[in-house]
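Throughout the sequence shown, residue numbering follows mature numbering (1 follows the signal peptide of the UniProt record, and there is no 0), covering -20 to -1, 1 to 103 in sequence.
Have a look at the structure below before the remarks.
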Amino acid sequence: MKPTIILLILALFSTQVNFAQTFDAKLISKDSEINLTTTQKRGIEKNGTLYFVEKDLQTISAYKNNKLLWQTNVITICGKPKVGEPKIRYLKYKTEKLFVTIGKHDYAEVDAINGKTSFLGVD
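Written as structure tokens, this is what we have:
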């Protein structure tokens, strides 16, 4: 009976462990902005935090010490862009805010601390 309980506890613990994410350093920029249409870069590292555009090109994740802090799907929150594909084209970090261009002319702002996302408008 005891070995069964111990195995059950170990199984539950192992499924709850948050494994550290690893990134290809070539995909991370030290600059404050990236244009995803002209570069292979997919992330910006600022103040020890990595802001990374995921493979779906709709989701931004923030990692500190390789641990996920928050994640937001900009397209789900802001809606599909009026013009262009529903994906992130441009990302800029400025004073604890991420400014995002989605589609061709839609803009969003993401709080770099907590991931709160808001639609800024269309030009």
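The beta carbon of each residue, even a glycine, is placed where N, CA and C say it ideally should be.
All values derive from a computational prediction rather than experimental measurement.
(request) Check each candidate in 77, 31 and 67 and name the one with the smallest Cα separation from residue 85. (result) Within the sequence shown, numbered from 1, the residue matching residue 85 stands at position 105. Ranking 77, 31 and 67 by Cα distance to residue 85 puts 67 first.
(message) Taking the alpha-carbon of residue 75 as reference, which of 62, 64 and 89 has the nearest alpha-carbon?
(response) Looking up residue 75 in the sequence shown gives position 95. Per the Cα distances, 89.
(request) Could you give the DSSP three-state label for residue -5: helix, strand or coil? (result) On the sequence shown, position 16 is the one that residue -5 refers to. Any reading at residue -5 is ruled out, since the residue's pLDDT is 40, under 50, leaving its predicted position unreliable.
(message) Measuring only the C-alpha atoms, how far is residue 24 from residue 55?
(response) Position 44 of the sequence shown, counting from 1, holds the residue named residue 24. Position 75 of the sequence shown, counting from 1, holds the residue named residue 55. Rounded to the nearest angstrom, the two C-alpha atoms are 19 Å apart.
(request) Report the three-state DSSP secondary structure of residue 88 (helix, strand or coil). (result) Along the sequence shown, read from residue 1 onward, the residue named residue 88 stands at position 108. Note: residue 88 maps to strand in three-state DSSP.
(message) If the criterion is Cβ atoms closer than 8 Å, does the pair residue 73 and residue 43 meet it?
(response) Along the sequence shown, read from residue 1 onward, the residue named residue 73 stands at position 93. Along the sequence shown, read from residue 1 onward, the residue named residue 43 stands at position 63. Contact: no.
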